[in-house]
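Visitor: Questions regarding the structure given below will be posed in turn.
Numbering (the numbering used here), first residue to last: -16 to 396.
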């Protein structure tokens, strides 16, 4: 018998850049507004071209162009700019706090602020987000952002709303429509589809918004979620944040070098968009389009947000070990805060003085919240949660074996 050739598993080789040659459209910003905006009731298959495009509104001079221009009022744009600035100031302050050993771990969303902040301004009351660990902008964009509670969760102190049972940055807020973050990748996507199916069964108009990174799209739960969302026409938005890099690998490891991540939705019969994630107006417009489509019972939408992770994956990561020093220079979309600032200034509704005043204001807001949170303790001091609380919130009536174990810690029976 002829000898069988050995099977060789193909593993993409690092190229020193995140798959730019085949997956990223290096369109000049002046090409903004060139992509069509279909009606929300369009058949999913009729959006396939938009899964391979790059939807933009802002051009390189800060002007809004094309059918995707959401025509947002200057007041809402200013709210969006402030929310992004607040999110970045929060990240910077918390990164310092982690280095001071006040918390064990932190993850920034540096360079990605427009996506979550614009989405937060677009979604409605009662909609539920199923986020990952880089969507703090969903919470910080709200007027009642509960920043003190967020910092207490990071510090795992006596006011930690999660009672020390979650890693730092894994927030949860039912009141604010923010589902508990899971450390297990991709689980929240299929949970979001299930929540959306339940919403449709109840006959309400609420929409679920699921979030996942480019690397985690290789998980089976992601593909199962796509199947259920398509078959049941679930009112859900599946947000794939393609920031070019996973924890220590470029996007090609998850298959991003062969096609777009938005194409995965198109392949499952889901309306799919590929959007400039550093263009606040495009983020808002695409979110509104998908929300209206879902709320009107026309089915799910998958949005690939093309952005760039400007910082490390987390405080435990050293990107210099796997990213070339000039990697950021290869990414053409620019800083989302600077781009929206430029747009507002082009409209003559924003000045450099206002920008600097707002920067000082958001930094003071973060500092005040941090000081209040630290009054309840940090990881660096002795104000920690009572370890006996680990036995609570599981049983209505604590069983005998847990009572005994709690007693061994010296806790009251």
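We put the beta carbon where it would ideally sit given N, CA and C, even for glycine.
Predicted, not measured: the structure shown is a model, and the values here were computed from it.
1) Please go through the stretch 302 to 337 and give each complete alpha helix (DSSP H) segment of 4 or more residues, from N-terminal end onward.
2) Kindly provide the ranges of any alpha helix (DSSP H) runs that are 4 or more residues long and lie completely inside the stretch 65 to 135, ordered along the chain.
3) Does the stretch 174 to 190 come within contact of the stretch 203 to 211, defined as at least 3 CB pairs closer than 8 Å?
4) Threshold first: 3 residues or longer. Then list the beta strand (DSSP E) segments lying entirely within the stretch 156 to 205, N to C.
5) Does the stretch 279 to 286 come close enough to the stretch 218 to 234 that 3 or more CB-CB pairs lie under 8 Å?
6) Please list the terminal residues of the continuous alpha helix (DSSP H) segment that includes residue 275.
7) In angstroms, rounded to a whole number, what distance separates the CA positions of residue 382 and residue 282?
8) Any idea which residues DSSP pairs residue 223 with across the strands?
9) Tell me whether the beta-carbon of residue 214 lies closer than 8 Å to the beta-carbon of residue 191.
10) Do the stretch 336 to 346 and the stretch 110 to 128 touch if we need at least three Cβ pairs shorter than 8 Å?
11) On the criterion of 16 or more Cβ atoms from any shown chain inside 10 Å, does residue 151 qualify as buried, or is it exposed?
12) Taking the Cβ atom as the reference point for each residue, do residue 15 and residue 42 lie within a distance shorter than 8 Å?
13) Do residue 400 and residue 99 have their C-beta atoms closer together than 8 Å?
14) What separation, rounded to the nearest whole angstrom, lies between the Cα atoms of residue 262 and residue 39?
15) Take residue 130 and list the residues in its own chain whose beta-carbon comes closer than 6 Å to its own, dropping the five residues that flank it on each side.
16) Helix, strand or coil for residue 256, going by three-state DSSP, please let me know.
17) Apart from the five residues just before and just after residue 87, which ones in its own chain have a Cβ nearer than 7 Å to its Cβ?
18) Run the CB neighbour count on residue 29, radius 10 Å, all protein chains shown included, and call it buried at 16 or more, exposed below.
19) Assess, as a yes-or-no matter, whether the stretch 70 to 90 is touched by the stretch 124 to 143 under the definition of 3 or more beta carbon pairs within less than 8 Å.
20) Report buried or exposed for residue 58, applying the criterion of at least 16 other Cβ atoms within 10 angstroms of its Cβ.
21) Would you tell me roughly how many angstroms separate the C-alpha atoms of residue 317 and residue 386, rounded to the nearest one?
22) According to DSSP, is residue 137 helix, strand or coil?
23) Following the continuous alpha helix (DSSP H) through residue 388, name the residue where it begins and the one where it ends.
24) Where does residue 377 land, buried or exposed, given buried means 16+ other C-beta within 10 angstroms?
25) Who are the near neighbours of residue 200 in its chain, counting only those whose CB is closer than 7 Å to its CB and skipping five residues on each side?
26) Let me see if you follow: with CB-CB separation under 8 Å, is residue 229 close to chain C or not?
27) Leaving out five residues on either side along the sequence, give the residues of the same chain with a beta carbon under 8 Å from the beta carbon of residue 291.
28) Out of 231, 212, 216 and 180, which one is the CA nearest neighbour of residue 196?
29) Quick one: grab the DSSP three-state call for residue 293.
30) Count the other C-beta atoms from every protein chain shown that fall within 10 angstroms of the C-beta of residue 82, then say buried if there are 16 or more, exposed otherwise.
31) Let's see if you can read the secondary structure: which residues bound the alpha helix (DSSP H) around residue 142?
32) Starting from the C-beta of residue 254, find all residues in its chain whose C-beta is less than 6 Å away, skip the five residues before and the five after it, and write them out in chain order.
33) State the beta-bridge partners of residue 51 as determined by DSSP.
34) So, using beta-carbon positions, are residue 109 and residue 160 closer together than 8 Å?
35) Can you list, in chain order, the residues of its chain whose CB lies under 6 Å from that of residue 33, leaving out five sequence neighbours each side?
Guide: According to the structure data:
1) Whole alpha helix (DSSP H) segments, 4+ residues: 319 to 329.
2) Entirely contained in the stretch 65 to 135, the alpha helix (DSSP H) runs reaching 4 residues are, in chain order, 96 to 105 and 120 to 123.
3) Yes: at least three Cβ pairs fall under 8 Å.
4) Listed in chain order, they are 191 to 196.
5) Taking a contact to require three or more Cβ pairs closer than 8 Å, the stretch 218 to 234 and the stretch 279 to 286 qualify as touching.
6) Counting along the chain, residue 275 sits inside the alpha helix (DSSP H) bounded by residues 263 to 278.
7) Straight-line Cα distance between these residues: approximately 46 Å.
8) 195 and 287.
9) Residue 191 sits away from residue 214, with the two beta carbons spaced by 8 Å or more.
10) Cβ pair count under 8 Å is below three, so no.
11) By the 10 Å Cβ count, residue 151 comes out buried.
12) The answer is yes: Cβ separation under 8 Å.
13) Missing from the structure shown is residue 400; the chain here goes from -16 to 396 and no further.
14) The alpha-carbon atoms of residue 262 and residue 39 are separated by roughly 7 Å.
15) So the qualifying residues of the chain are 352.
16) Residue 256 falls in the strand class under three-state DSSP.
17) So the list reads 151 and 362, once near-sequence residues are dropped.
18) Under a 10 Å Cβ-count criterion, residue 29 is classified as exposed, with fewer than 16 other Cβ atoms of the shown protein chains found around its own Cβ.
19) Note that the stretch 124 to 143 touches the stretch 70 to 90; at least 3 beta-carbon pairs, one per stretch, sit closer than 8 Å.
20) It is exposed - the Cβ of residue 58 has fewer than 16 other Cβ atoms within 10 Å.
21) The C-alpha of residue 317 lies about 57 Å from the C-alpha of residue 386.
22) Residue 137: helix per DSSP, three-state reduction.
23) From DSSP, the alpha helix (DSSP H) with residue 388 extends over 383 to 391.
24) Under this definition residue 377 is an exposed residue.
25) 223, 237, 244 and 247.
26) You won't find chain C in this structure, because it holds only one protein chain.
27) The beta carbon of residue 291 lies closer than 8 Å to those of 94, 95, 226, 227, 261, 311, 314 and 316 in the same chain, with the five residues before and after it left out.
28) For the options 231, 212, 216 and 180, the alpha carbon positioned closest to that of residue 196 is the one of 231.
29) The answer is coil: DSSP assigns residue 293 none of H, G, I, E or B.
30) The residue is exposed, with fewer than 16 neighbouring Cβ atoms inside 10 Å.
31) Counting along the chain, no alpha helix (DSSP H) covers residue 142, and no H or E run does either.
32) The beta carbon of residue 254 sits closer than 6 Å to those of 27, 30 and 284, all from its chain and outside the five residues before and after it, given in chain order.
33) In the DSSP output, where bridge partners are listed per residue, residue 51 has none listed.
34) Against a cut-off of 8 Å, the Cβ pair of residue 160 and residue 109 comes out as a contact.
35) If we look at residue 33 and ignore the five residues flanking it on each side, its Cβ neighbours are 256.
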